[in-house]
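Taken in order, the sequence shown gives residues -4 to 442; the numbers are from the working numbering.
For each residue, glycine too, the CB sits at the ideal point set by N, CA and C.
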Amino acid sequence: MSIFKECDIRGVYGQELDDATGLRLGRALSTHLAGREVVVGGDLRPSTPALKGALIAGLIRGGCRVIDIGTVPTPALYYAKRALGAHGTVMVTASHNPARYNGFKLMIGDRPVTPALLEGLARAMEAGTFVSGEGSVRLATILAAYADALVNAFPGLSRRHVVVDAGNGSLWEVAPAVLRRAGQEVTPLFCTPDGTFPHRDPNPAVPAHLEALRARVRAVGADLGVAYDGDGDRVVFVDARGAVQPADRVLVLFARHALAERPGGAIVYDLKASSVVAEETVAAGGRPLMEKSGHAFIKARLLDEGAVLGGEVSGHYFFGAIGGDDALYATLYYLRVLDALGLSAAEALATVPAYPITPDIRLPCPPAEADALLDELAQGLRDAPIDRLDGVRVAFADGWALVRRSVTEPVITLRCEAHTTEGLARIQERVRAASPRLAHLLCEAGW
């Protein structure tokens, strides 16, 4: 499977990518950056220092001026770009993937990378067609300024008790510190730096990975629990009862608040989200915009449309005010929303309607087989309205079904929603019957 995904570059370190990959990427990127400044940061994975060093060496050989900000969460890298006026950024991280993975998140100008740009980089790396020049590198410290900016953006928050599960990832230090400075009582959980992620998988969007957080919230009587991914750009919330709050329903709370401040604004959401997002956005006077799943796609649409807010089922929240996603900013934003409502997290979420919906069902499937499966599914459901923006999204009278390829892993994902539990069962059966390949994968996975 190629390390070049739709939104970034990632693979198993030592097998699918290595330090030579970082060097070649730095050389290839130099062509697009044309000697301008680029900010480079990295996460806590054991392979990150070597990969980052190789990347920087390649950028310097291509004539770029590198600003190395060390080990940081990804949103701090974005902040550094804005604060330092750099032209591009590279974050060495595999985000929510397991520790054996690593990779690169890229930005050139104010835009996330496109699949076409990543394909161009892949061709340049393979051909070895690199520019040469005399670049440079300097070190910069950004975390203190990043923390100050967050605290200053959310003054006067009411005091709550928050359990912070950093998952031993990049927000291990800055998240508890910022929340305390913002007036919160903080109970830390897995807030020591360890890029092997010994306590839980770095993907907080999987409910099974949140058992320790849920238990700690209940044990200490906290008001809220937050779980971050490996590089600090995704967050999942847990209420005082230990119940995980679905990201699309939290997005509705955010959207209502944002639209009260900016009536008529656009809200971008991924096509895996519940129909409630669009319905409640319209009810609040906003303009709902559905987009492909993937942080680069949501961010690009946010910027293109001048949207006030965006979100993904995976726990990415994007804000027009900062031009992108930031899990710690989202945490503070949620506290502000709860203050405005005068409600607990559970009470606030109870104001958001909910339809019966499946979890994001993930099924291992090689990319070549996934394409055939999607075509088979589309053919089997050809009598229903189908959207091929991202995989196969089928509209039914009382719900929808989506089957799509993951942009980061060799899996397909399935999600269905309906207005009733009976309708949900019927939609699931129709999808299963339309594709024998999908039915086989579901059977193997125990669905």
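Given a cut-off of 8 Å on the beta-carbon distance, is the pair Leu284 and Leu358 in contact? By 1-based counting over the sequence shown, the position of residue 284 is 289. By 1-based counting over the sequence shown, the position of residue 358 is 363. It is not a contact, given that the beta carbons lie outside the stated cut-off.
Touching or not, the region 87 to 101 and the region 189 to 203, by the rule of three or more beta carbon pairs under 8 Å? yes
Residues bridged to Pro348 [DSSP beta-bridge criterion]: For this step, residue 348 is matched to residue 353 along the sequence shown. Bridge partners of Pro348: none, in fact.
Closer than 8 Å is the cut-off here; do at least three beta carbon pairs connect the region 78 to 88 with the region 20 to 38? yes
Taking DSSP as the reference, what is the three-state secondary structure of Lys287? Residue numbering aside, residue 287 sits at position 292 when the sequence shown is read from its first letter. Lys287 falls in the coil class under three-state DSSP.
Would you kindly report the start and end of the unbroken beta strand (DSSP E) that includes Tyr96? On the sequence shown, residue 96 is found 101 positions in, with the first residue counted as 1. Segment Tyr96 to Ile103, the beta strand (DSSP E) holding Tyr96.
Are the beta-carbon atoms of Val402 and Cys2 separated by less than 8 Å? One-based indexing of the sequence shown puts residue 402 at position 407. One-based indexing of the sequence shown puts residue 2 at position 7. Cβ atoms of Val402 and Cys2: closer than 8 Å.
Boundaries (first-last residue) of the alpha helix (DSSP H) holding Ser25: As a first step, residue 25 is located in the sequence shown; it is residue number 30 there, counting from the start. Asp14 to Leu28 is the extent of the alpha helix (DSSP H) around Ser25.
Can you tell me where the beta strand (DSSP E) holding Phe249 begins and where it ends? Here the question's residue 249 lines up with position 254 in the sequence shown. Not the beta strand (DSSP E): Phe249 falls in the alpha helix (DSSP H), residues Ala242 to Glu256.
Is it buried or exposed for Val215, if we count other Cβ within 10 angstroms and need 16 for buried? Working through the sequence shown from its first residue, we reach residue 215 at position 220. Looking at its Cβ environment, which holds fewer than 16 other Cβ atoms inside 10 Å, Val215 is exposed.
Need the endpoints of the beta strand (DSSP E) that Gly6 sits in, please. Position 11 of the sequence shown, counting from 1, holds the residue named residue 6. Residues Ile4 to Val7.
Put Ile64 into one of helix, strand or coil per three-state DSSP. The sequence position of residue 64 within the sequence shown is 69, counting from 1. Strand, per DSSP.
Would the region 332 to 348 and the region 245 to 263 be scored as touching if the rule is three or more Cβ pairs under 8 Å? yes
Considering only the beta carbon of each residue, do Thr69 and Lys100 sit closer than 8 Å? Counting from one through the sequence shown, the residue named residue 69 turns up at place 74. Counting from one through the sequence shown, the residue named residue 100 turns up at place 105. Yes, the pair counts as a contact, with Cβ atoms nearer than the cut-off.
Could you compute how far the alpha carbon of Glu168 sits from the alpha carbon of Lys76? Numbered from 1 along the sequence shown, position 173 holds the residue referred to as residue 168. Numbered from 1 along the sequence shown, position 81 holds the residue referred to as residue 76. Each residue's Cα considered, the two are about 21 Å apart.
For a minimum of 3 consecutive residues, which ranges assigned as the beta strand (DSSP E) are wholly contained in the region 314 to 401? 356 to 359, 387 to 391 and 394 to 400
On the three-state DSSP scale, how would you describe Glu432? Position 437 of the sequence shown holds residue 432. Per the sequence shown, residue 432 should be read as Arg rather than Glu. Reduced to three states, the DSSP call for Arg432 is helix.
Going by the beta-carbon positions, is the gap between Thr26 and Val126 smaller than 8 Å? Counting from one through the sequence shown, the residue named residue 26 turns up at place 31. Counting from one through the sequence shown, the residue named residue 126 turns up at place 131. Yes, they are a contact pair.
Taking contact to mean at least 3 C-beta pairs separated by less than 8 Å, is the region 297 to 314 in contact with the region 262 to 282? Contact holds: three or more Cβ-Cβ distances are below 8 Å.
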